[in-house]
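Please read the structure below before turning to the comments.
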Amino acid sequence: MTNDIMCGYPGDREAELMAYLYDDIAPADRAAFEQHLTTCARCRGELNGLVDVRAQLARWSPPDLNLAPSGRRPSFVSEMPIVQAPPARWSLSRDIPRWAQLAAALLVVGVAAGIANLEVRYDRNGLSIRTSWSKSTSQGLPSSNAASLADPSSAGRADLVAIEQRLERLERLPSELRAQFGAPSAATIAHTPSVGDAELMRRVRTLVDESARRQQTELALRVAEVVRDMNVKREADLQRIDQSLGMFQNKTGVEVLRNRQKLDYILQRVSQQQPQQ
Amino acid sequence: MTWTDEELVARSIGGDADSFNELILRWERPIYALAYRTIGREEDARDVCQETFLRAFRALPGFRGQAKFSSWLYRIALNLCRDWIRRERRAPLLQPPEDGDLMELAAAAEPAESIEDLVARKDLARSVERAMALLPEEQRTAIVLKEFHGLTFQEIADLAGCPLSTVKTRLYQGLTVLRRELARTGKVCVK
Numbered sequence: 005m006t007n008d009i010m011c012g013y014p015g016d017r018e019a020e021l022m023a024y025l026y027d028d029i030a031p032a033d034r035a036a037f038e039q040h041l042t043t044c045a046r047c048r049g050e051l052n053g054l055v056d057v058r059a060q061l062a063r064w065s066p067p068d069l070n071l072a073p074s075g076r077r078p079s080f081v082s083e084m085p086i087v088q089a090p091p092a093r094w095s096l097s098r099d100i101p102r103w104a105q106l107a108a109a110l111l112v113v114g115v116a117a118g119i120a121n122l123e124v125r126y127d128r129n130g131l132s133i134r135t136s137w138s139k140s141t142s143q144g145l146p147s148s149n150a151a152s153l154a155d156p157s158s159a160g161r162a163d164l165v166a167i168e169q170r171l172e173r174l175e176r177l178p179s180e181l182r183a184q185f186g187a188p189s190a191a192t193i194a195h196t197p198s199v200g201d202a203e204l205m206r207r208v209r210t211l212v213d214e215s216a217r218r219q220q221t222e223l224a225l226r227v228a229e230v231v232r233d234m235n236v237k238r239e240a241d242l243q244r245i246d247q248s249l250g251m252f253q254n255k256t257g258v259e260v261l262r263n264r265q266k267l268d269y270i271l272q273r274v275s276q277q278q279p280q281q
Numbered sequence: 016m017t018w019t020d021e022e023l024v025a026r027s028i029g030g031d032a033d034s035f036n037e038l039i040l041r042w043e044r045p046i047y048a049l050a051y052r053t054i055g056r057e058e059d060a061r062d063v064c065q066e067t068f069l070r071a072f073r074a075l076p077g078f079r080g081q082a083k084f085s086s087w088l089y090r091i092a093l094n095l096c097r098d099w100i101r102r103e104r105r106a107p108l109l110q111p112p113e114d115g116d117l118m119e120l121a122a123a124a125e126p127a128e129s130i131e132d133l134v135a136r137k138d139l140a141r142s143v144e145r146a147m148a149l150l151p152e153e154q155r156t157a158i159v160l161k162e163f164h165g166l167t168f169q170e171i172a173d174l175a176g177c178p179l180s181t182v183k184t185r186l187y188q189g190l191t192v193l194r195r196e197l198a199r200t201g202k203v204c205v206k
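Here the protein sequences come in this chain order: C and D.
Quick note, the first sequence lines up with residues 5 to 281 if you use the working numbering.
Quick note, the second sequence lines up with residues 16 to 206 if you use the working numbering.
Following this line, the structure appears as structure tokens:
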């Protein structure tokens with residue numbers, strides 16, 4: 005045994021051994037201990053043995069906890085009392101009197117109505133509420149418009165006239181553009197077909213070719229995808245078959261083991277009964 | 016966004032139950048593993064885990080952040096384990112190996128693992144559990160905290176309330192016993 009060998013380490017040998025084993029050691033101490041290890045067979049042997057023990061310990065895992073899926077509260081937590089949130093510094097509904105709350109609400113409504121330029125009118129047409137900027141915008145309009153706005157009926161008529169003028173102008177626009185940029189005359193239109201037919205045919209053929217090429221590419225891609233999917237499925241199936249086979253082999257092995265145990269037991273019983281007879 | 020433990024603690028104290036839930040999801044596995052390896056019983060380890068979080072929850076307003084949240088949680092769990100061991104008035108006893116259905120074992124096997132490998136794996140785990148059960152509580156705790164939770168010697172000393180040198184001695188003694196026991200069952204060799 006290595007314990008019989010004397011160790012001449014000057015410091016606390018066990019502590020240094022542990023510190024070195026778990027790599028929780030100062031660099032200077034590490035160097036000194038490594039130097040010692042080169043000459044001390046006992047420490048070397050013990051260190052190797054403890055490294056083996058650690059390797060065995062690493063393979064010891066506790067049984068599964070069977071946790072709830074991540075993000076869900078474990079069952080026992082639901083039984084816990086929920087921590088009450090500390091009360092806020094002051095609560096609106098509790099600490100402020102009702103009359104003050106009402107006054108504040110009215111003030112807010114008033115300010116909001118002012119900002120929105122709210123106009124409430126009750127006349128023979130009934131109650132009407134309008135939020136508009138008409139008053140302020142009307143100040144910026146030309147005087148003629150402003151005058152027309154004074155009389156609602158004349159204002160509506162003026163708007164209609166303006167819209168009609170715009171529509172007429174839009175209708176005239178294509179002919180104006182043609183006149184400006186020079187549209188093909190009837191003669192040129194009649195002249196071009198003979199040149200254009202060949203060109204047109206060539207273009208159509210090019211388009212058809214391109215389309216055919218695109219379709220072929222797409223088809224090839226589809227075929228490649230199908231082949232790849234089939235391969236993936238085949239591999240998954242093969243893996244499943246392997247697993248099932250492994251499981252079957254394990255189960256068969258267990259059955260064989262059981263039968264052997266039963267046979268051993270029967271043989272033991274028989275051998276015990278024979279001497280009595 | 017990932018909150019730090021300390022941020023989650025602060026939010027929990029402020030009344031955000033979801034933050035505490037997040038802390039539980041983050042730490043229940045390590046705490047359960049610590050409890051299981053310390054007391055060696057699955058059901059009791061679950062109870063200890065649950066009780067740890069309940070106590071932490073109740074004591075949360077008093078958590079001032081002097082230590083890391085994890086260290087604080089470990090301390091609660093270890094105290095509960097210690098209480099459990101004292102209450103049981105016996106050395107922690109690991110559950111007897113379940114000579115349960117081998118068919119279930121076979122079903123639990125990894126696809127690439129044969130039944131022989133599976134049996135060997137279970138056998139090794141059982142040997143380690145038995146060897147660990149032989150250790151005094153302080154040594155076992157030191158090994159568990161160092162080996163499985165990666166705490167520094169100083170952190171273990173703070174948790175156990177003992178000098179740093181004592182932690183190293185406990186570790187050395189515990190590992191030496193483990194080595195001897197595992198060698199006896201042929202799991203490690205002694206030169």
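Quick reminder that beta carbons are idealized off the backbone N, C-alpha and C, glycines included.
According to DSSP, is C:Y26 part of a helix, a strand, or is it coil?
Looking at C:Y26 - three-state DSSP - the assignment turns out to be coil, as it is neither helix nor strand.
Check whether the Cβ of C:A109 sits closer than 6 Å to any heavy atom of the ligand NAP, and report yes or no.
Only the bare structure without any ligand can be found here, which leaves the ligand NAP out of the picture.
With 7 Å set as the bound, which would you pick, yes or no: does the beta-carbon of D:A25 sit closer than that to a beta-carbon of chain B?
No chain B is present in this structure, whose protein chains are C and D.
Applying a beta-carbon distance threshold of less than 8 Å, which residues of chain D neighbour C:A108?
Listed along chain D is no residue with a C-beta nearer than 8 Å to that of C:A108; the closest approach is about 29 Å.
Per-residue contacts from D:S180 into chain C (C-beta, under 8 Å):
D16 and A19, listed in chain order.
Helix, strand or coil: which one does DSSP assign to D:G55?
In the structure shown, the three-state DSSP call for D:G55 is coil.
Host alpha helix (DSSP H) of D:Q81 (start-end):
Counting along the chain, D:Q81 falls outside any alpha helix (DSSP H), and DSSP gives it neither H nor E.
Determine the burial state of C:N235: buried for a count of at least 16 other Cβ atoms within 10 Å of its Cβ, exposed for fewer.
Exposed: under 16 other Cβ atoms inside 10 Å.
Could you tell me whether the Cβ atoms of D:V63 and D:A48 are closer together than 7 Å?
By the CB criterion at 7 Å, D:V63 and D:A48 fall outside the cutoff.
Closest residue to D:V134 among C:N254, C:L267, C:D27 and C:Q277 (Cα-Cα distance)
The shortest Cα separation from D:V134 among C:N254, C:L267, C:D27 and C:Q277 belongs to C:N254.
If you reduce the DSSP assignment to three classes, tell me which class C:Y13 lands in.
If DSSP states are grouped into helix, strand and coil, C:Y13 belongs with coil.
Can you list, in chain order, the residues of its chain whose CB lies under 8 Å from that of D:E37, leaving out five sequence neighbours each side?
Closer than 8 Å at Cβ, skipping near neighbours: W18 and L23.
Counting beta carbon pairs with one atom in the segment 50-60 of chain C and one in the segment 20-31 of chain C, are three or more of them shorter than 8 Å?
Because the criterion of three Cβ pairs below 8 Å is met, the segment 20-31 of chain C and the segment 50-60 of chain C touch.
Quick one: list the residues of chain C neighbouring D:E152, beta-carbon separation under 9 Å, in chain order.
Residues of chain C whose Cβ lies closer than 9 Å to the Cβ of D:E152 do not exist; the shortest such Cβ separation is about 17 Å.
Taking 7 Å as the CB-CB limit, is C:L69 close to chain D?
At least one chain D Cβ lies under 7 Å of C:L69.
Rounded to whole angstroms, what is the Cα-Cα separation between C:R209 and C:A228?
In this structure, the straight-line span from the alpha carbon of C:R209 to that of C:A228 is close to 28 Å.
Do you know how far the Cα of D:F168 is from the Cα of D:T184?
Their Cα atoms are separated by approximately 11 Å.
Span separating the alpha-carbon of C:P14 from that of C:A36
Near 10 Å, if we compare the C-alpha coordinates of C:A36 and C:P14.
Show which residues of chain D have a CB atom less than 8 Å away from the CB atom of C:A23.
Residues of chain D passing the Cβ test: F168 and K183.
Comparing the C-beta of C:L249 with each C-beta of chain D, is any distance below 7 Å?
No, because no Cβ of chain D sits closer than 7 Å to the Cβ of C:L249.
Would you mind stating whether D:T67 and D:I91 have Cβ atoms separated by less than 7 Å?
In this structure, D:I91 lies closer than 7 Å to D:T67 by Cβ.
Quick check on DSSP: helix, strand or coil for D:L174?
Correct three-state label for D:L174: helix.
Are there 16 or more other CB atoms within 10 angstroms of the CB of C:S97, so buried, or fewer, so exposed?
In this predicted model, C:S97 has a pLDDT of only 46, less than 50, meaning its place in the structure is not dependable; the value taken from the coordinates is given anyway. Exposed is the call here.
First and last residue of the alpha helix (DSSP H) that includes C:L41?
Segment P31 to T43, the alpha helix (DSSP H) holding C:L41.
Cβ pair D:I28, D:L93 closer than 7 Å:
Not a contact, by the Cβ cut-off of 7 Å.
Where C:L61 meets chain D, residues with beta-carbon distance less than 7 Å
Within chain D, the residues near C:L61 are V143 and E162.
Does the Cβ of C:Q277 have 16 or more other Cβ atoms within 10 Å, making it buried, or fewer, making it exposed?
Counting Cβ neighbours within 10 Å, C:Q277 comes out exposed, since fewer than 16 surround it.
Listed by chain order, chain D residues near C:V58 by CB distance under 9 Å
At residue 58 of chain C the sequence reads Arg, which differs from the Val that was named. In chain order: E162 and L190.
In three-state DSSP terms, what is D:T19?
If DSSP states are grouped into helix, strand and coil, D:T19 belongs with coil.
I want to see whether chain D comes within less than 7 Å of C:G12, judged by CB atoms only; does it?
Contact with chain D is absent for C:G12, since none of that chain's Cβ atoms lies less than 7 Å from the residue's Cβ.
Would you mind giving the Cβ-Cβ distance between D:R195 and D:E152, rounded to the nearest angstrom? I have them listed as a contact below 8 Å.
Going by Cβ atoms, the distance from D:R195 to D:E152 rounds to 19 Å, so no, they are not a contact pair.
Counted within 10 angstroms of its Cβ, other Cβ atoms place D:K161 as buried (16 or more) or exposed
A residue is called buried when at least 16 other Cβ atoms come within 10 angstroms of its Cβ; D:K161 meets this threshold and is buried.
How would you list, in chain order, the residues of chain C whose beta-carbon sits under 8 Å from the beta-carbon of D:R41?
Here the premise fails: no neighbours, minimum Cβ distance about 10 Å.
For D:F84, which residues in the same chain have their Cβ closer than 7 Å to its Cβ, ignoring the five residues on either side in sequence?
Excluding residues within five positions, the ones whose Cβ falls inside 7 Å are D20, E21 and V24.
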